[in-house]
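**Q** Below are the structure tokens for one structure; questions will follow.
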Amino acid sequence: MSQAAVIPPGVVSSGEASLLRRLGTLREDAGRRLLGVQLRPVAANLRGFIESVAVDSAGVIWVSGWLAKDQPLEFPAVLFDGKKHAAAVSLTSFPRADLPDHAHAVFGAMLTAWQPGPGEIELYLFFGEGLALFQRGLKPVRVLETKAALEQFEQIRGTCDRATALPLQRMMTSAESWMPDTARAGGNAQASVDKVLLLGGFGCLVEGWALSPTKRVERFAMKFGDAVLRSDPLTTYHKARPDLFETFPDYGPLLDRVGFVAVFRGAIDIDDVSEPILKLIFTDGTSANQVVPAAVLRRIGHSVAPEAALALFPSLRHERFFTDFARALQRDAAARLGGCEPWRVAPASRVVVLAVPADRSDAFLLAEQLRQAGLGLSGAGLVFLAERGGIRPEILAIFAGLEAGLGAPCSLLFVEDIRYAFHLLPEALRAVAAQRFVFIGQGVFLAPEGWRAALAVLGGEDDSLHVFDLAAEQQAPLSAADCFAWTTAGFAALLPTVPLFLGGQHGDNGLGRALGGLRLHPAAGWRIGEAAVGSA
Numbered sequence: 007m008s009q010a011a012v013i014p015p016g017v018v019s020s021g022e023a024s025l026l027r028r029l030g031t032l033r034e035d036a037g038r039r040l041l042g043v044q045l046r047p048v049a050a051n052l053r054g055f056i057e058s059v060a061v062d063s064a065g066v067i068w069v070s071g072w073l074a075k076d077q078p079l080e081f082p083a084v085l086f087d088g089k090k091h092a093a094a095v096s097l098t099s100f101p102r103a104d105l106p107d108h109a110h111a112v113f114g115a116m117l118t119a120w121q122p123g124p125g126e127i128e129l130y131l132f133f134g135e136g137l138a139l140f141q142r143g144l145k146p147v148r149v150l151e152t153k154a155a156l157e158q159f160e161q162i163r164g165t166c167d168r169a170t171a172l173p174l175q176r177m178m179t180s181a182e183s184w185m186p187d188t189a190r191a192g193g194n195a196q197a198s199v200d201k202v203l204l205l206g207g208f209g210c211l212v213e214g215w216a217l218s219p220t221k222r223v224e225r226f227a228m229k230f231g232d233a234v235l236r237s238d239p240l241t242t243y244h245k246a247r248p249d250l251f252e253t254f255p256d257y258g259p260l261l262d263r264v265g266f267v268a269v270f271r272g273a274i275d276i277d278d279v280s281e282p283i284l285k286l287i288f289t290d291g292t293s294a295n296q297v298v299p300a301a302v303l304r305r306i307g308h309s310v311a312p313e314a315a316l317a318l319f320p321s322l323r324h325e326r327f328f329t330d331f332a333r334a335l336q337r338d339a340a341a342r343l344g345g346c347e348p349w350r351v352a353p354a355s356r357v358v359v360l361a362v363p364a365d366r367s368d369a370f371l372l373a374e375q376l377r378q379a380g381l382g383l384s385g386a387g388l389v390f391l392a393e394r395g396g397i398r399p400e401i402l403a404i405f406a407g408l409e410a411g412l413g414a415p416c417s418l419l420f421v422e423d424i425r426y427a428f429h430l431l432p433e434a435l436r437a438v439a440a441q442r443f444v445f446i447g448q449g450v451f452l453a454p455e456g457w458r459a460a461l462a463v464l465g466g467e468d469d470s471l472h473v474f475d476l477a478a479e480q481q482a483p484l485s486a487a488d489c490f491a492w493t494t495a496g497f498a499a500l501l502p503t504v505p506l507f508l509g510g511q512h513g514d515n516g517l518g519r520a521l522g523g524l525r526l527h528p529a530a531g532w533r534i535g536e537a538a539v540g541s542a
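In my numbering, the protein residues as written are 7 to 542.
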């Protein structure tokens, strides 16, 4: 775009403002008069094709294609993709050699709540008297990035009708502005963001409030670094904010829906979320920008638990985005899982692997119970998996004491999150060259009879999966994944079929699918910190 044609960012020209007002009025008219009209795509009434669409950061749809010359370039319409959407269209025209004499190429803006989704899009744009006329989308309609649409417009701008092209040019330039200037909306807009929950590979969940005494907010967009994310209108909801009644005493019923909760989908560089900005997009197509304080940003799985999403979406499992959200959580957890950091390795072909509790008092209790158990390991080794977190100094002291007192090969490996010890077992077993193992999960300790059974299995040649259950009937039963014995080869074959569950465990983590079934040892142990029952 030439320097002379560039509109300063954040400036709304009179041409742009009047175009937005016209489009806003036309769309409201379409919503009132046209959505109830029956749509019939009669072939004789086809007046052109939509070839590509692009969505800018303000949610405006930029369309290109061709249209019969006898049709107006600005009109109310209904966009149909299986559902009806009120729309308003403003186009500019230009010649194109491949078109017949009765048609010209068009490029322009469409104001509508519709947004292109994944997969092939089938579109119809109905307009004219009784919505008898229509443009049809190519199969498939090309969905472009805004930058590509800008470049497309720049290539044809010199051949366009200037009177219709200039307002579109100004509108497109301004729509891409993210200057934090709420005054440009012309509606005395005010907004604030209370909470932003970020999830790499998904987007973010946002809670806040937005208010304008003269305009209605239709949707939102957010900018993180170079990434622009748009709100999903089907998962956005509004709510009252009683805490704002005193601040805005004269706004009456507006305060009943001033709060908003929204999902913003898109790829975020989780390491570059600097200078976030919220864009309010009004029904007339204008917008206002608001700086988001960095203090409200939280990364799911890092500074907040995944359960924090439930505060914003209490019925999270039933939301349309839940499957994608859960998959992104899995990918994020896998990326942050890390591996085992060997501190001391004492190879042994048969080992007991203990997930050391992350709680300081529980870790010391585990050590004391190990000392009292008087284990006869008969050459088997002990492998301690512990978090490299806040109690690392205590872990080192505990390990040194047990290593000196147990008279068995002892290994210590540090991990990022002890809850995922189950998934890190193959790496730990490879580190100590173990062929058979007993795994005792975090917060579990075996009773004497449980130890006898576990060590008997460990010293034998039975390749079956053995599971150890709790001794105390009043306690919640253990999952198979809490405490079990198996061969390294058997476990390594099963683990690739087990998803990485949030928190490291869900049910039996797929152990029930083990070939040959499993053998259960009841009354084998208890949870650390609770009294042993039935121990001898």
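For glycine and all other residues, C-beta sits at the position ideal for the given N, C-alpha and C.
Can you tell me which of the three DSSP states Ile283 falls into?
**A** strand
**Q** Who are the Cβ neighbours of Asp167 in its own chain at under 7 Å, not counting the five residues just before and after it?
**A** Thr98 and Ser99
**Q** Of the residues Gly413, Gly214 and Val95, which one's Cα is nearest the Cα of Glu34?
**A** Val95
**Q** Label Val421 either buried or exposed according to how many other C-beta atoms from any shown protein chain fall within 10 Å of its C-beta, with 16 as the threshold for buried.
**A** buried
**Q** Apart from the five residues on each side of it in sequence, which residues of its chain come closer than 6 Å, Cβ to Cβ, to Val202?
**A** Cys210, Val212, Val302 and Leu303
**Q** Report yes or no: do three or more beta-carbon pairs, one from the region 357-377 and one from the region 325-345, lie closer than 8 Å?
**A** Remark: fewer than three beta-carbon pairs, one from each stretch, lie closer than 8 Å, so the region 357-377 and the region 325-345 are not flagged as touching.
**Q** If you draw a straight line from the alpha carbon of Asp278 to that of Gly231, how long is it in whole angstroms?
**A** 6 Å
**Q** Tell me the rounded alpha-carbon separation between Ile56 and Phe327.
**A** 29 Å
**Q** From Gly71 to Leu430, what distance separates their C-alpha atoms?
**A** 55 Å
**Q** Is it buried or exposed, Val297, if we count other Cβ atoms within 10 angstroms and call 16 or more buried?
**A** When all chains shown are included, Val297 counts as exposed.
**Q** In chain order, what residues of the same chain lie with their CB nearer than 6 Å to the CB of Gly344, ignoring the 5 residues before and after it?
**A** A distance below 6 Å between beta-carbons, with the five flanking residues on each side excluded, links Gly344 to the following residues of its chain, in chain order: Glu422.
**Q** Tell whether a beta-carbon distance below 7 Å holds between Val357 and Ala268.
**A** No, these two residues do not count as a Cβ contact at 7 Å.
**Q** On a CA-only basis, which of Phe443, Phe319 and Pro415 is nearest Val351? Give me that one, please.
**A** Pro415
**Q** Taking C-alpha atoms, which residue in Pro363, Pro353, Gln375 and Val59 lies nearest to Leu388?
**A** Pro353
**Q** Am I right that Tyr130 and Phe81 are in contact with their C-beta atoms under 8 Å? What's the rounded C-beta distance?
**A** Actually they do not touch by this definition, with Cβ atoms about 15 Å apart.
**Q** Within 10 angstroms of the Cβ of Lys221, are there 16 or more other Cβ atoms? Answer buried if so, exposed if not.
**A** buried
**Q** Measure the C-alpha to C-alpha separation of Leu139 and Leu41 and round it to an integer number of angstroms.
**A** 15 Å
**Q** Could you tell me how far apart the beta carbons of Leu137 and Leu284 are, in whole angstroms, since I believe they sit closer than 8 Å?
**A** The pair is not a contact, with the Cβ atoms about 36 Å apart (cut-off 8 Å).
**Q** Between Arg337 and chain B, is there a C-beta pair that is closer than 7 Å?
**A** Within the model displayed, chain B is absent; a lone protein chain is all it includes.
**Q** Could you check the C-alpha separation between Ala50 and Val43 for me, to the nearest Å?
**A** 19 Å
**Q** With burial defined as no fewer than 16 other Cβ atoms inside 10 Å of the residue's Cβ, what is the status of Ser309: buried or exposed?
**A** So Ser309 counts as exposed.
**Q** Assuming Phe208 contacts Asp365 under a Cβ cut-off of 8 Å, what Cβ separation, rounded to an integer in Å, is found between them?
**A** Phe208 to Asp365, Cβ: 31 Å. No contact.
**Q** Using the Cα positions of Phe266 and Gly258, report the straight-line distance between them to the nearest angstrom.
**A** 17 Å
**Q** Does DSSP classify Trp457 as helix, strand or coil?
**A** helix
**Q** Return the residue from the list Pro239, Ala155 and Arg102 that minimises the CA-CA distance to Val59.
**A** Ala155
**Q** On the CB-based measure, 16 or more other CB atoms within 10 Å of its CB, does Ser24 come out buried or exposed?
**A** exposed
**Q** Quick check on the burial criterion: 16 or more other C-beta atoms within 10 angstroms. Buried or exposed for Lys90?
**A** buried
**Q** May I ask you to report which of helix, strand or coil DSSP gives Pro399?
**A** helix
**Q** Grab me the residues of Ser198's own chain with a C-beta within less than 7 Å of its C-beta, minus the 5 sequence neighbours each way, in chain order.
**A** The beta carbon of Ser198 sits closer than 7 Å to those of Gly214 and Trp215, all from its chain and outside the five residues before and after it, given in chain order.
**Q** Taking 7 Å as the limit between beta carbons, can you name the residues of its chain near Thr363, skipping five residues before and five after?
**A** For the sequence presented, residue 363 should be read as Pro rather than Thr. Once the five neighbours on either side are set aside, the close Cβ partners of Pro363 are Ala369, Leu372, Gln448, Gly449 and Ile534.
**Q** Ignoring anything shorter than 3 residues, give me the beta strand (DSSP E) runs that lie fully in the region 66-114, in order along the chain.
**A** 67-74, 80-86 and 90-100
**Q** By a C-beta neighbour count over all protein chains shown, 10 Å radius and 16 as the cutoff for buried, is Val147 buried or exposed?
**A** buried
**Q** Would you report the Cα separation of Ile162 and Ser321, rounded to the nearest angstrom?
**A** 49 Å
**Q** Measuring straight from C-alpha to C-alpha, what distance separates Arg425 and Glu126?
**A** Using only the alpha carbons, I get a separation of about 42 Å.
**Q** With a threshold of 7 Å on Cβ separation, who are the neighbours of Gln141 within its own chain once the five nearest residues in sequence on each side are excluded?
**A** Arg53, Gly54, Phe55, Ile56, Gly71, Leu73 and Leu131
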